[in-house]
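Structure first, then comments.
Number of protein chains: 2
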Amino acid sequence: MTKNGKWVLRHRPQAALVETDLDWVQEALPELRDGELLVRNIYLSLDPTNRIWMSDREQYLPPVQIGDTMRGTTIGVVEQSRSDRFAPGDIVMPAMGGWQDYTVSPERMTRKLNVAPGIPLTAYLSVLGPTGLTAYFGLLDIGQPKEGETLVLSAAAGAVGSIAGQIGKIKGCHVVGIAGGAAKCDWLTEELGFDGAVDYKAQEVGAALDRLCPTGIDIDFENVGGAIMEAVFSRLNRNGRMILCGLISAYNDEGPVPGPADFGRILMQRLTVRGFIVIDYLARAGEAFADLGRWIAEGRIKWKDHVVPGLEKAPDSLQLLFTGQHDGKLLIRVSDEP
Amino acid sequence: MTKNGKWVLRHRPQAALVETDLDWVQEALPELRDGELLVRNIYLSLDPTNRIWMSDREQYLPPVQIGDTMRGTTIGVVEQSRSDRFAPGDIVMPAMGGWQDYTVSPERMTRKLNVAPGIPLTAYLSVLGPTGLTAYFGLLDIGQPKEGETLVLSAAAGAVGSIAGQIGKIKGCHVVGIAGGAAKCDWLTEELGFDGAVDYKAQEVGAALDRLCPTGIDIDFENVGGAIMEAVFSRLNRNGRMILCGLISAYNDEGPVPGPADFGRILMQRLTVRGFIVIDYLARAGEAFADLGRWIAEGRIKWKDHVVPGLEKAPDSLQLLFTGQHDGKLLIRVSDEP
Numbered sequence: 004m005t006k007n008g009k010w011v012l013r014h015r016p017q018a019a020l021v022e023t024d025l026d027w028v029q030e031a032l033p034e035l036r037d038g039e040l041l042v043r044n045i046y047l048s049l050d051p052t053n054r055i056w057m058s059d060r061e062q063y064l065p066p067v068q069i070g071d072t073m074r075g076t077t078i079g080v081v082e083q084s085r086s087d088r089f090a091p092g093d094i095v096m097p098a099m100g101g102w103q104d105y106t107v108s109p110e111r112m113t114r115k116l117n118v119a120p121g122i123p124l125t126a127y128l129s130v131l132g133p134t135g136l137t138a139y140f141g142l143l144d145i146g147q148p149k150e151g152e153t154l155v156l157s158a159a160a161g162a163v164g165s166i167a168g169q170i171g172k173i174k175g176c177h178v179v180g181i182a183g184g185a186a187k188c189d190w191l192t193e194e195l196g197f198d199g200a201v202d203y204k205a206q207e208v209g210a211a212l213d214r215l216c217p218t219g220i221d222i223d224f225e226n227v228g229g230a231i232m233e234a235v236f237s238r239l240n241r242n243g244r245m246i247l248c249g250l251i252s253a254y255n256d257e258g259p260v261p262g263p264a265d266f267g268r269i270l271m272q273r274l275t276v277r278g279f280i281v282i283d284y285l286a287r288a289g290e291a292f293a294d295l296g297r298w299i300a301e302g303r304i305k306w307k308d309h310v311v312p313g314l315e316k317a318p319d320s321l322q323l324l325f326t327g328q329h330d331g332k333l334l335i336r337v338s339d340e341p
Numbered sequence: 004m005t006k007n008g009k010w011v012l013r014h015r016p017q018a019a020l021v022e023t024d025l026d027w028v029q030e031a032l033p034e035l036r037d038g039e040l041l042v043r044n045i046y047l048s049l050d051p052t053n054r055i056w057m058s059d060r061e062q063y064l065p066p067v068q069i070g071d072t073m074r075g076t077t078i079g080v081v082e083q084s085r086s087d088r089f090a091p092g093d094i095v096m097p098a099m100g101g102w103q104d105y106t107v108s109p110e111r112m113t114r115k116l117n118v119a120p121g122i123p124l125t126a127y128l129s130v131l132g133p134t135g136l137t138a139y140f141g142l143l144d145i146g147q148p149k150e151g152e153t154l155v156l157s158a159a160a161g162a163v164g165s166i167a168g169q170i171g172k173i174k175g176c177h178v179v180g181i182a183g184g185a186a187k188c189d190w191l192t193e194e195l196g197f198d199g200a201v202d203y204k205a206q207e208v209g210a211a212l213d214r215l216c217p218t219g220i221d222i223d224f225e226n227v228g229g230a231i232m233e234a235v236f237s238r239l240n241r242n243g244r245m246i247l248c249g250l251i252s253a254y255n256d257e258g259p260v261p262g263p264a265d266f267g268r269i270l271m272q273r274l275t276v277r278g279f280i281v282i283d284y285l286a287r288a289g290e291a292f293a294d295l296g297r298w299i300a301e302g303r304i305k306w307k308d309h310v311v312p313g314l315e316k317a318p319d320s321l322q323l324l325f326t327g328q329h330d331g332k333l334l335i336r337v338s339d340e341p
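Right under this line is the structure:
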């Protein structure tokens, strides 16, 4: 009988995730019922939002309960099927695969992936997956970019920021990214075509933005919060927009998340600050993937995936998102591709 | 020769406006040049934003310079005209009349008022003037109210809030106002048809909102800021909107204006916080006045004007806006109606 290894939430982290917050558990898999699939997970997506799900702060989904399998998005292969719609060997995305080797997935919550020739499977958890959707709808729906506007992105070399910035270039924006380290900044300007990059680990962000954004900032694609958000927000032009996509600098803290120092700027400069969560856009995924797929084929969108082998590495690897030591969309390889 | 009495800004107020911040000056009026009108001001509008103009904080118009006539919106009557388009006796709104007895107004910046039968002249500085426009575009354009949604307004018995709340009722919203004192609250519910009112001077605002808004709050028409804003913001439903119209609780302070405690709610609940200034909507005033005029004629919009006689009372009267001791749109009667 196949055993399923999984990470179970034991304690809500007090700050950064520590070893004792999750337990590694092995258990027998249940018998499949009609309409269910047994999916062997291949890749697990690690995202900043995972840290939110571990907490009991106000959030957009119910928190993961203590004792439950840690929630996470996966791609896997069907090993057993009691559904007419899926066959063994199908590549699928269960609705919520979890931090586990196997997922028992009901057919109606399972999405079959038609992997395009030349596209790696990992892309379906990054540029052609939730992070690509986040970049696409965040920038285009929430940000409403216009040609010639200046777009600044924090965590610009991250999975979302790097795609959103390239979409900004396609839409004719002047695009400046904020990232940590010269290598990431070079990647943004030399490989992805950003107009400028700020290394927040080496440069004074505000002064660098003043230099790189001579006509101010029209759109802030905000992933970080804190001092970096402040530097961008305080330079937003009249009618500027903040796309509030993430606040990763606060996810390891308890309690309320501080906003910009001068809320009055929103009034005086007629700013729009708008939060969004990608799950609200899943029904419109098709339009995003059509555009993203075309742009990839045309060589106008590039991306990197950072794959860590071994589900046992998931807890330690999550921390890379908070230190920025990863390079591209962070994924765990749970098992080998077929 | 006619003398013009006027209030000149002498010092930027440190907190609440004090007597020594403005000087009363009398001067001879200049000779009119071609295309100019001499307007005798009849009513001067006092608005919270006047206090912002006295400061040098970041704002939406240049601050009033030290030594300049205090800026303010007026209605007056043309006494002399060197324009073919205006004749003595015309009732007009100069672009910026100022806190003064007379305004020399260039014809192209002067708007002639066609005073409708049965409508008092004061209405053109309130419900059919800038505050009516503010209520109309703030609620409808920024707030996008939908039938059945819950709308909460702070400073709800004020010139803007009371109109915006009634428009909310016309649009089918559940409308709750926050105001200071039982008399104002009774006016909202008994005269204006609000569904509920919270007396922030006597009630715990959060608890009262919980009782009066059983399905949460979809739209915050925010005029106040501070603790009252916090009580509303923290109860905004998913996809809720904050119409950021004013932050009067902060206008007597220097320095940045604090926002809601938990900026993270904007992300988690997909909120939109959007600031606006009515001057951006002047080109669309016609559509607002058409609706407002019809609603007034139908008895669906009511309003109050609070007229203080005597331009010498302008500085003292401004403070009423901050203590809430006025009752309706605050106006100074500078001179008698013709």
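Taken in order, these protein sequences are the chains called W and G.
My numbering puts the first residue of the first sequence at 4, with every later residue one more than the last.
My numbering puts the first residue of the second sequence at 4, with every later residue one more than the last.
Where a beta carbon is used, it is the ideal one built from N, C-alpha and C, also for glycine.
| Item | Value |
| --- | --- |
| V118 (chain G) beta carbon near the ligand COA (any heavy atom closer than 6 angstroms) | Among the components of this structure there are no ligands whatsoever, and the ligand COA is therefore not found. |
| Cβ neighbour criterion (16 or more within 10 Å) applied to R238 (chain W) | buried |
| Touch test, the region 275-282 of chain G against the region 238-248 of chain G, Cβ-Cβ under 8 angstroms, three pairs minimum | yes |
| Interface residues of the region 275-289 of chain G facing chain W [CB-CB below 7 angstroms] | T275, V276, R277, G278, F279, I280 and D283 |
| Where T125 (chain G) falls, given that 16 or more other Cβ within 10 Å makes a residue buried | buried |
| Ranges of the alpha helix (DSSP H) found wholly within the region 120-157 of chain G, counting only runs of at least 4 | 133-140 |
| Chain B contact residues for P65 (chain G), given Cβ-Cβ distances below 8 angstroms | Judged by its chain identifiers, the structure shown contains no chain B, and its protein chains are W and G. |
| Residues within the region 261-274 of chain W neighbouring chain G, beta-carbon criterion of under 8 angstroms | P261, G262, P263, A264, D265, F266, G267, R268, I269, L270, M271, Q272, R273 and L274 |
| Residue of G:G199, G:R336, G:P341 and G:G331 minimising C-alpha distance to S129 (chain G) | G:G331 |
| Spatially closest choice to A253 (chain G) from W:G258, W:N242, W:S252 and W:F266, by CA coordinates | W:F266 |
| Pairwise C-alpha distance: P51 (chain G) and Q29 (chain G) | 26 angstroms |
| Contact set for V310 (chain W): own chain, Cβ-Cβ below 6 angstroms, skip 5 residues either direction | L334 and R336 |
| Local conformation of T218 (chain W) per DSSP, three classes | coil |
| Test: E61 (chain G) CB closer than 7 angstroms to a CB of chain W | yes |
| Closer than 7 angstroms at the beta carbon, the chain W residues around L247 (chain G) | I269 and L270 |
| Min CB distance P148 (chain W) to chain G below 7 angstroms | no |
| CB contact below 7 angstroms: L12 (chain G) versus chain W | no |
| Close-in-space but distant-in-sequence residues of the same chain around D294 (chain W) (CB under 8 angstroms, 5 per side omitted) | Y139 |
| Distance between T275 (chain W) and V276 (chain G) (C-alpha atoms, nearest Å) | 6 angstroms |
| Cβ contact (3+ pairs, closer than 8 angstroms) linking the region 62-72 of chain W and the region 111-124 of chain W | no |
| Beta-carbon neighbours of L250 (chain G), restricted to chain W and to distances below 8 angstroms | F266, G267 and L270 |
| Classification of W306 (chain G) by the beta-carbon crowding that lies within 10 angstroms, buried from 16 upward | buried |
| Beta-ladder partner(s) of Y254 (chain W), from DSSP | Beta-bridge pairing links Y254 (chain W) to no other residue. |
| Sub-7 angstroms separation of R85 (chain G) and E39 (chain G) beta-carbons | yes |
| Residue nearest to S165 (chain W) in terms of C-alpha spacing, selected from W:K149, W:E152 and W:G183 | W:G183 |
| W102 (chain G), enclosing alpha helix (DSSP H) - first and last residue | Premise fails: W102 (chain G) is in no alpha helix (DSSP H) and is neither H nor E. |
| Under 7 angstroms between C-beta atoms of N226 (chain G) and A158 (chain G) | yes |
| Status (buried if at least 16 other CB within 10 Å, exposed otherwise) for D87 (chain W) | exposed |
| Close-in-space but distant-in-sequence residues of the same chain around A18 (chain G) (CB under 6 angstroms, 5 per side omitted) | N255 |
| Residue ranges of each beta strand (DSSP E) within the region 243-323 of chain G, 3 or longer | 275-278 and 308-312 |
| Neighbour list for P97 (chain W) in chain G, Cβ cutoff strictly below 8 angstroms | Residues of chain G passing the Cβ test: none, with the nearest at roughly 24 angstroms. |
| Residues of the region 14-38 of chain G whose Cβ lies closer than 7 angstroms to any Cβ of chain W, in chain order | none |
| Residues of the region 110-133 of chain G whose Cβ lies closer than 8 angstroms to any Cβ of chain W, in chain order | none |
| C-beta atoms of S338 (chain W) and I78 (chain W) nearer than 7 angstroms | no |
| Within chain G, the residues that P259 (chain W) reaches when beta carbons sit closer than 8 angstroms | A264, D265, F266 and G267 |
| Beta-carbon contacts of P109 (chain W) that lie in its chain and below 7 angstroms, excluding the five residues immediately before and after | G38 and E39 |
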